[in-house]
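Take a look at the structure below.
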Amino acid sequence: MFDYAPGQSTATFTQRDFPSQFPSLRGGAPAQIQQATRLCREAGVNEWMLEGCVFDVAATGQPDFVQSAANAIATTLVDQVQDRVEDEIRRRLPIPLPRLLF
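In structure tokens:
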């Protein structure tokens, strides 16, 4: 997949000390974390996505990440509904159905 010059390999480009520490909100500004939490909750971000939403918004200072979290939830819910509908159709109809693409 990758072409390396003579004497090079993946080891040439691997930085084993990266990241030197994992990002954290410890020591972050409480007001920034509170604002991020409020924005995420107001957008309807549920509990299982809230921590990630708060981290993204507070760490970057970019409230646009709230919409990304809300979109991820909507996409997940649509996928779950589609799977459920397909399962119900397959369960009720005794004939084999191809994978439904809707």
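Just so we're aligned, residue 8 is where the sequence shown starts under this note's numbering, counting upward by one. Note that beta-carbon positions come from the ideal geometry of N, C-alpha and C, so glycine has one too. Values in this document were obtained by computation on a predicted structure and should not be read as measured data.
Measuring straight from C-alpha to C-alpha, what distance separates residue i and residue j?
i: leucine 46; j: proline 70; result: 8 angstroms
i: methionine 8; j: glutamine 42; result: 44 angstroms
i: glutamine 39; j: isoleucine 96; result: 47 angstroms
i: phenylalanine 25; j: threonine 83; result: 31 angstroms
i: glycine 35; j: aspartate 90; result: 40 angstroms
i: threonine 21; j: glutamine 15; result: 11 angstroms
i: tryptophan 55; j: proline 13; result: 48 angstroms
Report the three-state DSSP secondary structure of residue i (helix, strand or coil).
i: proline 26; result: coil
i: valine 64; result: helix
i: proline 13; result: coil
i: alanine 36; result: coil
i: leucine 57; result: helix
i: alanine 18; result: helix
When you compare each of the options to residue i by their alpha carbons, which one comes out closest?
i: proline 30; options: Arg48, Thr67, Gln41, Gly14; result: Thr67
i: glycine 51; options: Ala38, Ala36, Gln74; result: Gln74
i: threonine 44; options: Arg23, Arg98, Phe62; result: Phe62
i: asparagine 72; options: Ser27, Arg23, Ala18, Arg48; result: Contrary to the premise, residue 72 reads as phenylalanine rather than asparagine in this sequence. Checking every option, the nearest Cα to that of phenylalanine 72 belongs to Arg48.
i: leucine 32; options: Arg98, Ile80, Gly59; result: Gly59
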